[in-house]
Amino acid sequence: MLDIRLFRESPDTIKANLKKRGWTEEEIGIVDTVVESDLNWRKSRQEVDALKHKRNVVTEEISELKKAGKDISDKIKAMGTLNEEIKKLDESTKSFLEKRDELLLRIPNLMHESVPMGKDESENVPLRYWGEQSEYEFELKSHQDIIEGLNQGDFELSGKTSGAGFYFLYEDLVMLDLALSRFAIDNLRSSGFKLIEPPFMLRKKAMQGVVDLADFENMLYKIENEDLYLIATSEHSMCAMLMDKVLREKDLPIRLCGVSPCFRKEVGAHGIDTKGIFRTHQFNKVEQFVFSTPDHSWDEHELLIKNAETLFQKLEIPYRIVNICTGDLGGTAAKKYDLDAWMPRQKEFREVVSCSNCTDYQARKLNIRYDKPDGQREYVHTINSTAIANSRAIVAILENYQQDDGTVMVPKVLRPYMDGLEVIGKR
RNA sequence: GCGGGGAUAGCCCAGCCCGGUAAGGCGCUGGAUUGCUAAUCCAGUGUUCGCGAGAACUCAGGGGUUCAAAUCCCCUUCCCCGCGCCA
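Taken in order, the first sequence gives residues 96 to 522; the numbers are from my numbering.
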């Protein structure tokens with residue numbers, strides 16, 4: 096969430112940001128409502144503080160009188176009515192604050208100036224391209240057909256057991272999945288990232304600090320009768336793991352490499368991706384996550400996207416980097432790059448990596464701060480990026496590395512992780 | 001799941017029995033002193049409100065008793081030890 100001080104000092108900054116994000120004038124009115132409830136709270140707070148001060152003074156007097164052995168019944172009587180007033184006023188003060196904070200949670204992050212203006216994903220801006228798109232002399236197959244044709248997985252069985260959006264993978268594709276994880280892990284660890292296997296479920300309090308409110312409805316699976324949600328990425332666990340902590344500046348940046356399955360409801364997802372493994376309710380992913388000082392978070396953001404690019408370059412899969420525009424940027428991020436891999440069969444670039452700087456938006460919700468040498472205490476910045484989203488990387492490999500006989504070459508860098516296997520054939 | 005012990009500031013820890021408004025240490029910051037460093041000494045070091053003087057809050061979270069709660073009572077969460085169950 097945003098700093099309440101910004102609403103007091105510069106509400107127009109927030110309004111301009113909302114406008115860029117495509118909010119209507121009416122929706123932008125929420126900013127004034129926040130300012131108003133903040134004023135109400137502060138006013139009410141001052142009144143109740145004055146009464147509490149009075150109470151503390153009387154308490155002190157009673158203590159003195161009692162020591163002196165004098166009568167205190169008058170004082171105690173006055174205290175009764177005072178306490179009633181305080182209780183009443185305390186409740187309304189609390190409700191003003193709750194209203195303010197509830198509204199505050201609905202207001203998205205301030206965007207970086209380099210985020211391009213645009214109404215939706217069609218106006219995202221490609222920044223650079225890498226790799227050469229191969230020429231194919233034969234008719235390319237979809238990744239689903241390749242998987243089923245080679246008997247390396249099954250979607251009908253998973254449909255029966257679990258519904259659409261799940262998959263069974265067999266043999267070489269399982270090994271490929273594991274190889275991708277290990278490939279990404281080894282690269283990140285050698286760059287100094289700390290390897291983490293996190294909890295796959297989080298309490299609401301922790302989850303709320305990391306995600307948008309809407310995500311609870313559209314993305315997250317809840318465990319029945321428990322205060323637990325399945326993570327949709329290890330970003331969630333890694334970000335929440337330091338909630339309520341005060342870090343030291345010398346320990347920053349903290350660079351983490353998370354490995355976990357990801358669970359997503361994908362409400363609203365429909366159409367071409369219903370079959371196959373491109374968009375699923377469950378997949379494995381290696382994630383980069385950084386806690387940084389505000390001064391360095393933009394450097395870290397660039398570092399993470401570079402790391403992701405390095406992985407795809409080593410996999411020899413053509414891609415482009417896209418700067419996500421104002422109208423398509425999620426509420427938590429201040430700026431986001433996508434890495435879109437070239438899919439020769441679909442003849443288009445598809446998102447396989449997403450890299451966001453959330454600045455202090457998550458840190459403020461989770462209360463993650465750091466001590467500066469001058470004694471000041473500030474919120475950290477959080478930056479996250481996919482390293483490899485395995486199922487999507489597999490799709491990219493199947494599309495790019497397929498051969499005319501229906502088999503698929505294994506990218507060279509993955510072969511050491513697959514007992515030297517060079518070609519995925521029929522099982 | 002059962003029994004016992006815990007949760008206090010960035011970290012460690014006292015106070016709880018016996019209610020009177022968070023002590024001390026470490027670390028960090030500033031200052032003094034000193035060829036330099038170290039050591040030593042002094043001061044500061046939770047959150048919020050207030051232009052300010054100042055004030056309120058803060059002892060895992062919530063409720064209660066009381067003029068007054070870190071302290072007494074109840075509920076919840078988490079951690080540790082033992083038992084049980086278990087990949």
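Using N, Cα and C, we set each Cβ at its ideal position, and we do this for glycine too.
A quick note: this is a predicted structure, and the numbers were derived from the prediction, not measured.
CB contact flag (residue i, residue j, <8 Å)
i: Lys213; j: Asn219; result: For the sequence presented, residue 213 should be read as Gly rather than Lys. Contact: yes.
i: Met296; j: Leu337; result: no
i: Arg284; j: Met314; result: no
i: Thr188; j: Val129; result: no
i: Ile489; j: Leu200; result: no
i: Val508; j: Ile519; result: no
i: Thr421; j: Pro221; result: no
i: Tyr512; j: Phe278; result: yes
i: Ser139; j: Leu184; result: yes
i: Ala458; j: Thr477; result: yes
i: Leu399; j: Ser480; result: yes
i: Cys334; j: Ile291; result: no
i: Asp466; j: Arg343; result: yes
i: Ile412; j: Ala491; result: yes
i: Ile248; j: Leu235; result: Just to set this straight, residue 248 is Gly in the shown sequence, not Ile. No; because the gap between Cβ atoms is not below 8 Å, this pair is not in contact.
i: Leu347; j: Phe373; result: no
i: Phe288; j: Arg350; result: yes
i: Ser253; j: Asn495; result: no
i: Pro356; j: Phe378; result: yes
i: Asp435; j: Val417; result: yes
i: Ile123; j: Lys115; result: no
i: His396; j: Asn462; result: no
Assigned secondary structure, residue i (DSSP; H/G/I helix, E/B strand, else coil)
i: Trp118; result: coil
i: Tyr265; result: coil
i: Ala301; result: helix
i: Pro550; result: Here the chain covers residues 96 to 522 and nothing more, so residue 550 does not appear.
i: Leu325; result: strand
i: Phe386; result: strand
i: Met504; result: strand
i: Pro356; result: strand
i: Lys467; result: coil
i: Lys165; result: coil
i: Met296; result: strand
i: Val362; result: coil
i: Arg374; result: coil
i: Ile478; result: strand
i: Ile367; result: Summary for Ile367: the model assigns pLDDT 48, below 50, so the residue's position carries little reliability; its value from the coordinates is reported in the next sentence. In this structure, Ile367 counts as coil in the three-state DSSP scheme.
i: Ile318; result: coil
i: Leu283; result: helix
i: Gln498; result: coil
i: Arg150; result: helix
i: Asn462; result: coil
i: Arg510; result: helix
i: Glu517; result: coil
i: Leu493; result: helix
i: Leu351; result: strand
i: Leu97; result: coil
i: Arg137; result: helix
i: Leu337; result: coil
i: Val306; result: coil
i: Arg487; result: helix
Classification of residue i by the beta-carbon crowding that lies within 10 angstroms, buried from 16 upward
i: Ile367; result: Its pLDDT being 48, under 50, Ile367 is placed unreliably in this model, and the value from its coordinates should be taken loosely. Result: exposed.
i: Ser257; result: exposed
i: His173; result: One point to set straight first is that residue 173 is Ala, not His, in the sequence displayed. Label assigned to Ala173: exposed.
i: Phe233; result: exposed
i: His148; result: exposed
i: Asn151; result: exposed
i: Arg522; result: exposed
i: Thr108; result: exposed
i: Glu120; result: exposed
i: Ala429; result: buried
i: Asn112; result: buried
i: Ser168; result: exposed
i: Asn320; result: exposed
i: Ile318; result: exposed
Anticipated Cβ contact below 8 Å, residue i with residue j, distance rounded
i: Ile125; j: Ile202; result: 7 Å
i: Glu382; j: Thr328; result: 6 Å
i: Thr375; j: Gly304; result: Actually they do not touch by this definition, with Cβ atoms about 26 Å apart.
i: Met206; j: Leu424; result: 6 Å
i: Val341; j: Arg464; result: 5 Å
i: Val354; j: Ser237; result: No, Val354 and Ser237 are not in contact; Cβ-Cβ is about 28 Å, not under 8 Å.
beta-carbon residue i near the ligand MG non-hydrogen atom, thresh 7 Å
i: Lys442; result: Summarising the ligand content, the structure contains no ligands, and the ligand MG is consequently not present.
Restricting to runs no shorter than 3 residues, where is the beta strand (DSSP E) found entirely within the region 394 to 458?
414 to 418, 430 to 438, 443 to 452
Any chance you could list the beta strand (DSSP E) runs of at least 3 consecutive residues sitting entirely within the region 195 to 278, in chain order?
220 to 225
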